[in-house]
Structures are given as structure tokens and as C-alpha cells.
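In full-length UniProt numbering, the protein residues as written are 1 to 297. One structure below.
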């Protein structure tokens with residue numbers, strides 16, 4: 001009997017992807033079936049908080065393997081994602097501008113090894129806070145905030161990392177208002193950002209000071225889902241009808257909110273060397289975003 005390989009529709013219907021720890025349409029993810037949300041099924045992959053250049057053997061003694069493992073895991077999928085998005089903190093902070101650029105280029109070169117036909121990048125505070133994104137833009141080009149469309153879904157990338165404070169700023173909020181103008185209220189929108197837009201834990205820098213203004217603009221649309229990074233563990237939050245979903249880190253896990261008195265990098269566990277590290281796939285079917293978390297192995 002010949003080997004049966006799933007076609008695209010069959011693959012998007014699978015629930016048993018390797019390393020799966022969470023599945024299903026989470027609360028706050030788009031569930032509309034209107035013509036405005038129709039389109040071909042597709043899926044994309046989110047990689048976050050690579051922290052390339054990180055060096056603390058007590059937390060991750062094999063830092064160079066984490067990103068290569070994540071890339072290999074995505075490349076091993078039986079069907080490749082439509083695109084891969086890197087949601088910030090591509091590199092570890094350094095005061096050396098030459099080293100910062102070198103690390104960004106190394107990430108760019110490694111990401112070129114992905115089989116997916118398209119990759120999208122944006123900065124985290126480790127990449128952009130010290131120079132307002134100058135090095136990042138020099139290496140990756142483009143803009144720190146931008147939007148694009150894919151299969152009838154509007155994707156919005158917001159920059160809440162390149163200013164000295166964790167803010168979007170008036171100019172970017174004006175840009176967001178203009179970007180959303182004229183889009184039908186039921187049109188599906190996915191927001192990609194690094195820090196959470198809502199005040200998850202301001203004392204740990206897990207917030208955006210003017211994020212409420214962005215949420216207010218987005219709330220006029222009924223079909224909005226936000227994916228972000230920064231907090232290095234899985235978390236799900238609703239602001240009205242908008243769901244916000246954080247991603248695992250590729251490099252090191254942080255203590256989940258409520259489990260430690262202060263933000264803490266979790267120590268390496270030799271028995272479970274990749275515990276708490278991973279990536280996300282997001283299936284988009286019939287107007288619904290279905291995120292799934294995958295552990296590195």
C-alpha cells in the first residue's frame with residue numbers, strides 16, 4: 001500500500017501535530033463565517049523571542065541549538081505554512097552596535113533556511129530599544145509597523161518597542177486608524193505585536209501604556225485576534241470580544257504570572273532540556289483562527 005500524504009485541507013484539519021500541547025479555536029479567535037471572512041484555508045507559523053546571542057548556561061546551555069531546532073521542526077511539517085512571522089526579540093540586547101547588527105544578520109541568514117515561501121519580521125525591545133530600531137531597519141529594511149493581506153485576512157504589525165517607553169505613540173495610532181478605515185466591521189483582522197497591548201503586568205514591562213487606545217480602535221471590528229510574544233509563556237486574555245494570545249519563547253522560558261514574586265528566567269532542566277520552549281502554528285479555516293502550541297524536542 002502506498003504512503004498517503006495529506007493534502008492541504010486534510011492537513012489543516014489534523015489535530016495531532018507533533019509536540020501539540022494546546023489545540024482548538026480559543027476564546028476570542030475569529031469565528032465568523034460571513035463572506036468577508038471567507039477565503040482559502042491557510043496556516044502560518046509564529047516564532048518569537050529568539051534572543052540570538054543569549055548566553056546563560058544555567059538557563060540554556062545550548063543556545064545555538066534552540067533556533068536551529070525550531071527551524072528544523074517547521075521545515076519538517078508535512079505541508080509548509082503560507083508564511084512564518086517572527087514576533088520580536090530576534091536577538092539579545094547588546095550595547096555594541098556592530099554586534100547588534102551582526103546578530104540580526106545571523107538571524108536573517110538562518111531564517112533563510114526555512115522552506116516556507118514567505119517570512120515576516122518585526123523588532124522586539126532587545127532589537128530596537130537602544131537605537132529606536134536603526135540597526136533593525138538597516139538589516140531588514142521595511143518599516144517597524146506595517147500591514148499586509150493574505151487570503152482575505154488583514155494583518156497589522158504594531159511597534160511597541162522602539163521608543164524609550166513601552167508605547168505605540170500618537171503617530172502610529174493615527175496610522176492604525178487610517179489603516180483600519182473603510183474596512184467592513186466584520187472583516188477579519190489579525191494583529192501582530194511584541195509586547196501585550198493590554199496591562200498584563202506593567203511592573204514586569206508586560207504592557208503597552210497606550211495600548212488601550214489601539215484596542216479601542218480595533219474594537220470597532222468584530223473579528224480581531226492578537227498574537228504577541230515578550231512574556232515567554234502561553235497566556236490568553238480577552239479585552240471585550242478581542243482575544244490576545246502570547247507565544248512561547250524559542251530561547252528561554254519565564255515564570256508565568258502568579259507563580260513567582262518577580263519575573264524570573266526558569267533554570268535549565270537536564271531531564272527536560274526544552275521544557276517551556278516552543279513555537280505556534282495558526283490554522284485559519286472558515287474565518288476562524290485556531291492557534292496551536294508546539295514544544296521543541
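Backbone N, C-alpha and C define an ideal beta-carbon position, used for all residues, glycine too.
For residue i, which residues does DSSP report across the bridge?
i, result
"residue 238", "243"
"residue 46", "85, 280"
"residue 146", "157"
"residue 204", "According to DSSP, residue 204 bridges with nothing at all."
"residue 259", "Paired residues: none, contrary to the question."
"residue 265", "254"
"residue 198", "Note: residue 198 sits in no beta bridge, so no partner."
"residue 228", "246"
Helix, strand or coil: which one does DSSP assign to residue i?
i, result
"residue 136", "helix"
"residue 291", "strand"
"residue 77", "coil"
"residue 249", "strand"
"residue 272", "coil"
"residue 191", "strand"
"residue 59", "coil"
"residue 306", "A question about residue 306 goes unanswered here, because the residues of the chain that appear run from 1 up to 297."
"residue 93", "coil"
"residue 222", "coil"
"residue 119", "strand"
"residue 173", "helix"
"residue 285", "strand"
"residue 31", "Confidence at residue 31 is low in this model, with a pLDDT of 46, below 50, so its placement is unreliable and the value that follows should be read with caution. Note: residue 31 maps to strand in three-state DSSP."
"residue 64", "helix"
Please confirm whether residue i and residue j have their CB atoms less than 8 Å apart.
i, j, result
"residue 44", "residue 74", "no"
"residue 76", "residue 47", "no"
"residue 52", "residue 114", "no"
"residue 301", "residue 248", "Here the chain covers residues 1 to 297 and nothing more, so residue 301 does not appear."
"residue 118", "residue 83", "yes"
"residue 156", "residue 179", "yes"
"residue 245", "residue 291", "yes"
"residue 104", "residue 139", "yes"
"residue 289", "residue 225", "yes"
"residue 254", "residue 265", "yes"
"residue 61", "residue 251", "no"
"residue 154", "residue 183", "yes"
"residue 230", "residue 133", "no"
"residue 87", "residue 221", "no"
"residue 168", "residue 211", "yes"
Going along the chain, which residues of its own chain have a beta-carbon closer than 6 Å to the beta-carbon of residue i, five neighbours each way excluded?
i, result
"residue 137", "none"
"residue 128", "136, 161, 162"
"residue 80", "115, 116"
"residue 148", "155"
Suppose the cutoff is 7 Å on Cβ atoms and the five residues either side in sequence are ignored; what does the same chain contact list for residue i look like?
i, result
"residue 145", "157, 158, 159, 172, 175"
"residue 66", "60, 250, 251, 277, 296"
"residue 126", "51, 89, 91, 92, 93"
"residue 112", "none"
"residue 205", "166"
"residue 177", "217"
On the premise that residue j lies in contact with residue i, defined as a C-beta separation below 8 Å, what is that separation, rounded to the nearest angstrom?
i, j, result
"residue 185", "residue 287", "Going by Cβ atoms, the distance from residue 185 to residue 287 rounds to 14 Å, so no, they are not a contact pair."
"residue 270", "residue 209", "With a Cβ gap of about 40 Å, residue 270 and residue 209 do not count as contacting."
"residue 299", "residue 207", "A query on residue 299 cannot be resolved here, the shown segment of the chain reaching from 1 to 297 and no further."
Once you ignore the five residues that flank residue i on each side, which residues in its own chain have a CB closer than 8 Å to its CB?
i, result
"residue 215", "197, 198, 239, 240, 242"
"residue 68", "110"
"residue 131", "97, 100"
"residue 94", "53, 100, 103"
"residue 274", "66, 69, 295, 296, 297"
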